[in-house]
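Student: So that we are looking at the same thing, I have put the structure below in structure tokens.
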Amino acid sequence: MRYLTFALAKGRLAKETLKLLEKIGITCDEINDPKTRKLIFQNDELGMRFFLAKPSDVPTYVEYGVADIGVVGRDTLLEEGRNLYEVMDLGFGKCRMCVCGPASAKELLSKNEIIRVASKYPNIAKNYFKDKKNQTVEIIKLNGSVELAPIVGLSEVIVDIVETGSTLKENGLEVLEEIVNLSARVVVNQVSLRMEHERINKLLSDLKGVLENE
Ligand code: PRP
């Protein structure tokens, strides 16, 4: 039997995904060992393999077909823009992509001013300001702690993920505009969906069954 390969976004999403897979009888003991530094795991009985990848690389592994299935946040899918089938919303990892900043920046957004926007998600930011708002902005790519940017004057606003809102609040910032709702998604390689449609459809319907009963 050909191995069905999963690419999981390392971290909290992978943990949640593995818990969910366990509920439908897909297990992999080794992967739950907190001390392991391994990145590939397999269950020979089930004919399944699991990669733990950096979230932004998950769509790449799936598009190139080295993983059949991926689980990753919608933020990453929108940012990476890969050719994949998005087949299921797993409902966890819920948060929002927003334009945030100090309350005083609201005016700059409504008056269509040329502003600087800092973000870990330059493509999402660019598309939002260009296509949705038709506002000319300068995007500044950052790699983390993006909330710093408007505080220290690097940018007027940021485009970032808001979950509880506490990072914003503790730094005197707020949500100025909502861009899109996010959550964990299952993606499938386009060829795999045809070649392995039986196994993949069974997996998806089992997952659906568990999610409906939660
Ligand atoms: C994310 C995001 C926000 C924060 C939002 O950052 O970029 O900073 O979480 O969560 P909250 O609304 O519940 O406060 P992450 O913790 O991934 O770290 P990073 O800033 O280094 O990217």
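Using my numbering, the final residue of the sequence shown is 241, and nothing's skipped along the way. Cβ atoms here follow ideal geometry from the backbone N, Cα and C, with glycine treated the same way. Treat the numbers as computed from the prediction; the structure is a model and nothing was measured.
1. Answer with buried or exposed for Gly67, where buried requires no fewer than 16 other C-beta atoms within 10 angstroms of its C-beta.
2. Going along the chain, which unbroken runs of the alpha helix (DSSP H) with 4 or more residues stay wholly within the segment 79-142?
3. Taking Lys153 as part of the alpha helix (DSSP H), name the residues at either end of that continuous run.
4. Can Val144 and Val173 be called in contact, C-beta distance under 8 angstroms?
5. Start and end of the alpha helix (DSSP H) containing Asn208?
6. For the ligand PRP, list every residue whose C-beta falls under 5 angstroms from any of its heavy atoms, going in chain order.
7. Determine the closest residue to Asn161 out of Asn208, Leu47, Asp102, Asn139, with distance taken between C-alpha atoms.
8. What are the boundary residues of the beta strand (DSSP E) that includes Glu43?
9. Whose C-beta lies closer than 8 angstroms to the C-beta of Ala132 among residues of the same chain, with five residues either side of it excluded?
10. For the alpha helix (DSSP H) holding Gln217, just list the boundary residues, first then last.
11. Glu165 lies in the beta strand (DSSP E); which residues open and close that run?
12. From the DSSP output, which residues share a beta bridge with Asn70?
13. The beta strand (DSSP E) with Val179 in it runs from where to where?
14. With H, G and I counted as helix, E and B as strand and the rest as coil, what does DSSP make of Ser193?
15. Is the beta carbon of Leu209 closer than 8 angstroms to that of Arg123?
16. Count the C-beta pairs between the segment 207-223 and the segment 92-109 that are closer than 8 angstroms, then say yes if the count reaches three, no if not.
17. Could you spell out where the beta strand (DSSP E) holding Thr63 opens and where it closes?
18. Which of the three DSSP states, helix, strand or coil, is assigned to Ile53?
19. Could you check if Tyr30 is buried or exposed, using at least 16 other CB atoms within 10 Å of its CB as the buried criterion?
20. I'd like to know whether the C-beta atoms of Ala211 and Leu40 end up nearer to each other than 8 angstroms.
Tutor: Working from what's here:
1. What you label residue 67 is simply residue 40 of the sequence shown in a count that begins at 1. For the record, residue 67 in the displayed sequence is Ile; it is not Gly. Result: exposed.
2. 85-90, 101-107, 133-137
3. Within the sequence shown, the letter at position 126 stands for residue 153. From DSSP, the alpha helix (DSSP H) with Lys153 extends over 149-154.
4. Start at 1 with the first residue of the sequence shown, and residue 144 comes out as number 117. Start at 1 with the first residue of the sequence shown, and residue 173 comes out as number 146. Not in contact: Val144 and Val173 (Cβ atoms no closer than 8 angstroms).
5. Counting from 1 along the sequence shown, the entry for residue 208 is found at position 181. Run containing Asn208: none in the alpha helix (DSSP H); it sits in the beta strand (DSSP E), 201-209.
6. Gly171, Ser172, Asp187, Ile188, Val189, Glu190, Thr191, Gly192, Ser193, Thr194
7. Taking the first residue of the sequence shown as 1, we reach residue 161 at position 134. The residue with the shortest Cα to Cα distance from Asn161 is Asn139.
8. Here residue 43 corresponds to residue number 16 of the sequence shown, with the count starting at 1. First-last for Glu43: 39-50, but that is the alpha helix (DSSP H), not the beta strand (DSSP E).
9. The residue given as residue 132 occupies position 105 in the sequence shown. Counting only Cβ-Cβ distances below 8 angstroms, and skipping sequence neighbours, we find Ile142, Pro177, Glu183, Val184, Leu203.
10. Position 190 of the sequence shown, counting from 1, holds the residue named residue 217. Where Gln217 is concerned, the enclosing alpha helix (DSSP H) stretches over 217-222.
11. Here residue 165 refers to the residue found at position 138 when the sequence shown is read from its first residue. Segment 164-168, the beta strand (DSSP E) holding Glu165.
12. To locate residue 70, count along the sequence shown from 1; it is residue 43. Answer is Met75, bridged to Asn70.
13. As a first step, residue 179 is located in the sequence shown; it is residue number 152 there, counting from the start. From DSSP, Val179 is part of no beta strand (DSSP E) but of the alpha helix (DSSP H) over 175-179.
14. Looking up residue 193 in the sequence shown gives position 166. Three-state DSSP puts Ser193 in a helix.
15. Position 96 of the sequence shown holds residue 123. Position 182 of the sequence shown holds residue 209. Cβ distance < 8 angstroms, so Arg123 and Leu209 count as in contact.
16. yes
17. Locating residue 63 in the sequence shown gives position 36, counting from the first residue. Per DSSP, Thr63 belongs to no beta strand (DSSP E) and is neither H nor E.
18. Counted from its first residue, the sequence shown places residue 53 at position 26. Residue state, collapsed to three classes: coil.
19. The residue labelled residue 30 in the question sits at position 3 within the sequence shown. Tyr30 should be labelled exposed.
20. Taking the first residue of the sequence shown as 1, we reach residue 211 at position 184. Taking the first residue of the sequence shown as 1, we reach residue 40 at position 13. In this structure, Leu40 lies closer than 8 angstroms to Ala211 by Cβ.
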